[in-house]
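J.: In the UniProt record's numbering, the protein residues as written are 1 to 875.
Yeah, the Cβ is synthetic: ideal placement off N, Cα and C, and Gly gets one too.
First the structure, which I've put down as structure tokens, then a few questions once you've had a look.
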């Protein structure tokens, strides 16, 4: 007699999984002692991820609490769907919290608190997180960062073959990769010998089964569970062959289950399908459906898709309509599911009824990508509906698209909203949208249009009594002027916004407006800037908005860094990194990290600058402003050290900066490229590299950009005297007073610039001092120039300068080896490290061998631990 197909499938999917089960057991044991773990179980579809985790949980059902949540294969997933599943299992306070109107942060914190239970460890499973919504992905990062002291094992399964470089889950994987709590478990395919053994038990040709299936466990079970002698060519063929042997009523029921991409309530199939209990039992006996509690589900998503795709279009439309009708009658039906089935049924009215509700809920939970998708469904059917409703749909859709950096889609909907509000006659709402539209225009580099849009908004709103809409428009406009370094106008508009915000007691808006004013004041009155930003920070804390707090700290750090107030910058950048890590504000924290790298470069802490900039450049967010700062820092550092791979980061940074058109992005990269040309003996290239940016800096009267870019034009022989508005140290050096310039740089705290100024002297003792400073930094190219000048003056007893490759760390690791070392703890392969650092895998292998040898360790994990202990890489 043939074995039960379900039991048989489960046994096949656990073949050659002893090691994986043992690893999960070890990590659960660690979690039981308070060393919480997040385990990422990776593998292709059908590899047996769910079977593995279910078997592991079933074996420990008495020793741990087991919570299970699943991400759905809906085109737009349920926000926090797995957490709602878990709450139904967990009951208690977590269930009450999820049923309430609690904020997203309260739900996250409530789940973390519920995980830790003194009587037993908890196993919390998040199944199929490659389908997760934004909020669920954020929850995983939130929990992973806080598992210290929590006796819980959090397991997340995902299809690694579907998570490409642009997949939203990729950012999560990068964010947790270096966390002490994180572990990765990759499941391989079955070996040829395992498949042959299984096939022999079923009197099948093992070699042919392996040739067709490649060792994929699900496909193997589908092939071996069939009654036909011929091995089917695809999973679909195997599944449909089995489904084809069902009775008509069972097949009808199977088709209903196939159009519901999650667990199916038996009442639904009883209502919609023609079959009853017998039909369900037939599908279960055939190994196509499983019963889980009171729900039905396909044994695997691959099987569901095979059946769904075999259903004719008219039949599929009618099934979705029937499912929608049933769900609509159920109290508390999930609006995301209703919107999905409405769209699949082609029911326009139902889409307009359910999609906006689903969008609003997703937005409230922080699932902005899903919110945008729901609103997009509604917008697609908005033609001809009442203008006010249409305007609100467009506006919501645009705001959600802006939140996920989909500016092109946002602009289309902002335009639609403006048109609809004007049609209604609500010009104030139209103006408010125009102001927000300006940000989206700026995001795609259409800065001129952004100005026009926000100025139009201000003109409309200024004709009415001043209100919060006008203050918001002033704040947007002030920000655009500040970014362009049009400082007087930025301060003027920002102060207007501050006044209105104070009159209306809007603390959050007050914090944002003060932040812009303070940001602009850095360039005209740094002392006042600190005072203004202190007010902004106090307002941000009072508002209770963690994001505004992070933004103000970021501005305190980066702004003071740009005007070279390093003590202030160092404090606030480190404080910003800490705050943003605690509150999961990765984009702002990463920007602080990149700026800290830049300040370390300028302060002569080059090993730290290298480590921080490499870390920031490889952050999962890939935020353009962060990458510009990080890549520019890496490029300038490599230029000064004489590394051969400096061009690539500077070129990428220039491409990114040029797309913004903003001086603050363009100036440092232009200066770095000019320095590279000068040190390489190509002074004639400098004018072409900096002239346009220099003219922009002069027009905007920005002291530090004017000074630095003017300095390089002076080096190229293009300037004879200091340009107006040039920052003091650069102006002194251009004027020929290198002694005063060196003293000014020393007071500021920039050793490389001190040495560069001294290098303009002709006194051997002065040049010796410059040579010594440069040698200590590892600045080989400029040190070699100074040495050549000294030899020209008859000085030949120069000390041998340290090798640039080993300056700054006692282990003697080169800069490139430090970069490779920083990647080892993330569990990356040589190929992955090579792609991140733009070198060959073979070269990575040589570096890894050298690292292990220099550190005196046996493997990568030990190298990573030792490097973190010694401060060579970030902890």
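1) Between the Cα of residue 782 and those of 656, 636, 534, spot the shortest distance and give me the residue it belongs to.
2) In angstroms with no decimal places, state the Cα-to-Cα distance between residue 228 and residue 115.
3) Does the Cβ of residue 203 have 16 or more other Cβ atoms within 10 Å, making it buried, or fewer, making it exposed?
4) DSSP state of residue 690, grouped into three classes?
5) Give the DSSP-derived three-state secondary structure of residue 310 in the structure shown.
6) Would you report the Cα separation of residue 458 and residue 133, rounded to the nearest angstrom?
7) Looking only at its own chain, which residues have a Cβ that is under 7 Å from the Cβ of residue 617, when we skip the five neighbours before and after it?
8) Taking the alpha helix (DSSP H) that residue 710 falls in, what are its first and last residues?
9) Should residue 118 go down as buried or exposed, given a rule of 16 or more other Cβ atoms within 10 Å for buried?
10) Between the Cα of residue 551 and those of 577, 382, 22, spot the shortest distance and give me the residue it belongs to.
11) At what residues does the alpha helix (DSSP H) containing residue 351 begin and finish?
12) Pick out the complete beta strand (DSSP E) segments inside the segment 66-99, 3 residues or longer, and give them in chain order.
13) Is the Cβ-Cβ distance between residue 702 and residue 535 less than 7 Å?
14) If you reduce the DSSP assignment to three classes, tell me which class residue 475 lands in.
15) So, using beta-carbon positions, are residue 709 and residue 727 closer together than 7 Å?
16) Taking contact to mean at least 3 C-beta pairs separated by less than 8 Å, is the segment 710-727 in contact with the segment 539-548?
17) So, do the segment 328-344 and the segment 277-291 have three or more beta carbon pairs nearer to each other than 8 Å?
18) Let me check understanding here. Comparing Cα to Cα, which of 599, 25, 373 lies closest to residue 748?
19) Using three-state DSSP, classify residue 298 as helix, strand or coil.
20) Kindly list the residues whose CB is nearer than 6 Å to the CB of residue 834, restricted to its own chain and excluding five residues on each side of it in sequence; keep chain order.
21) Is the distance from the Cβ of residue 223 to the Cβ of residue 210 below 7 Å?
22) Would you decide whether residue 488 is buried or exposed? Buried here means 16 or more other CB atoms lie within 10 Å of its CB.
23) Express the C-alpha separation of residue 40 and residue 445 in angstroms, rounding to a whole number.
24) Below 8 Å on the Cβ atoms is my guess for residue 138 versus residue 366; work out the distance and round it to an integer in Å.
25) Using 10 angstroms around the beta-carbon of residue 161, count the other beta-carbons present and answer buried if the total reaches 16, otherwise exposed.
26) For the alpha helix (DSSP H) containing residue 338, list its first residue and its last residue.
27) Tell me the rounded alpha-carbon separation between residue 651 and residue 409.
28) Whole-angstrom Cβ separation of residue 143 and residue 112, contact assumed at under 8 Å?
29) If you reduce the DSSP assignment to three classes, tell me which class residue 157 lands in.
30) Just tell me which of 216, 52, 206, 818 has its CA closest to the CA of residue 189.
31) Compute the Euclidean distance between the alpha carbons of residue 109 and residue 233, then round it to the nearest angstrom.
32) Quick one: using the 10 Å Cβ neighbour count with 16 as the cut-off for buried, is residue 344 buried or exposed?
33) In whole angstroms, what is the alpha-carbon distance linking residue 805 and residue 762?
34) Alpha carbon to alpha carbon, what distance is there between residue 396 and residue 30?
35) Of the choices 473, 524, 370, whose alpha-carbon is the least far from that of residue 512?
T.: The answer reads as follows:
1) Residue 636 is the option with its Cα nearest to residue 782.
2) Low confidence applies here, because residue 228 scores a pLDDT of 49, under 50, leaving its location unreliable; read the following figure in that light. C-alpha separation (whole angstroms): 48 Å.
3) In this structure residue 203 is exposed. Its beta-carbon is surrounded by fewer than 16 other beta-carbon atoms within 10 angstroms.
4) DSSP places residue 690 in helix when its eight states are reduced to three.
5) Reduced to three states, the DSSP call for residue 310 is helix.
6) Looking at the two C-alpha atoms, the distance is approximately 37 Å.
7) These residues qualify, in order along the chain: 627, 630, 631, 634.
8) Element bounds for residue 710: 703-715.
9) Residue 118 should be labelled exposed.
10) For residue 551, the closest alpha carbon among the candidates 577, 382, 22 is that of 577.
11) For residue 351, the enclosing alpha helix (DSSP H) starts and ends at 348-364.
12) Segments of the beta strand (DSSP E) lying fully in the segment 66-99: there are none.
13) Against a cut-off of 7 Å, the Cβ pair of residue 535 and residue 702 comes out as no contact.
14) DSSP places residue 475 in helix when its eight states are reduced to three.
15) No, Cβ-Cβ distance for residue 709 and residue 727 is not below 7 Å.
16) In this structure the segment 710-727 does not touch the segment 539-548; the number of beta carbon pairs closer than 8 Å is below three.
17) As far as the Cβ criterion goes, the segment 328-344 does not touch the segment 277-291, which means the pair count is below three.
18) Nearest to residue 748 by C-alpha distance, out of 599, 25, 373, is 599.
19) Residue 298 carries a strand assignment under DSSP once its states are collapsed to helix, strand and coil.
20) The answer, listed in chain order, is 840, 841, 844.
21) Contact: no.
22) With fewer than 16 Cβ atoms within 10 Å of its Cβ, residue 488 is classed as exposed.
23) Straight-line measurement puts the Cα of residue 40 at about 38 Å from the Cα of residue 445.
24) With a contact defined as Cβ atoms closer than 8 Å, residue 138 and residue 366 qualify at about 6 Å.
25) With fewer than 16 other Cβ atoms within 10 Å, it is exposed.
26) Run containing residue 338: 335-345, per the alpha helix (DSSP H) assignment.
27) Going by the C-alpha atoms only, they are around 29 Å apart.
28) Between the beta-carbon of residue 143 and that of residue 112 there is about 6 Å, and that keeps the pair under the 8 Å contact cut.
29) When secondary structure is reduced to three states using DSSP, residue 157 falls in the strand class.
30) By alpha-carbon distance to residue 189, the top candidate from 216, 52, 206, 818 is 216.
31) Residue 109 and residue 233: Cα-Cα distance of roughly 49 Å.
32) Result: buried.
33) With a pLDDT of 49 at residue 805, under the threshold of 50, the predicted position of this residue should be treated as unreliable, and no value is reported.
34) It is roughly 46 Å from the alpha-carbon of residue 30 to the alpha-carbon of residue 396.
35) That would be 473, whose Cα lies nearest to the Cα of residue 512.
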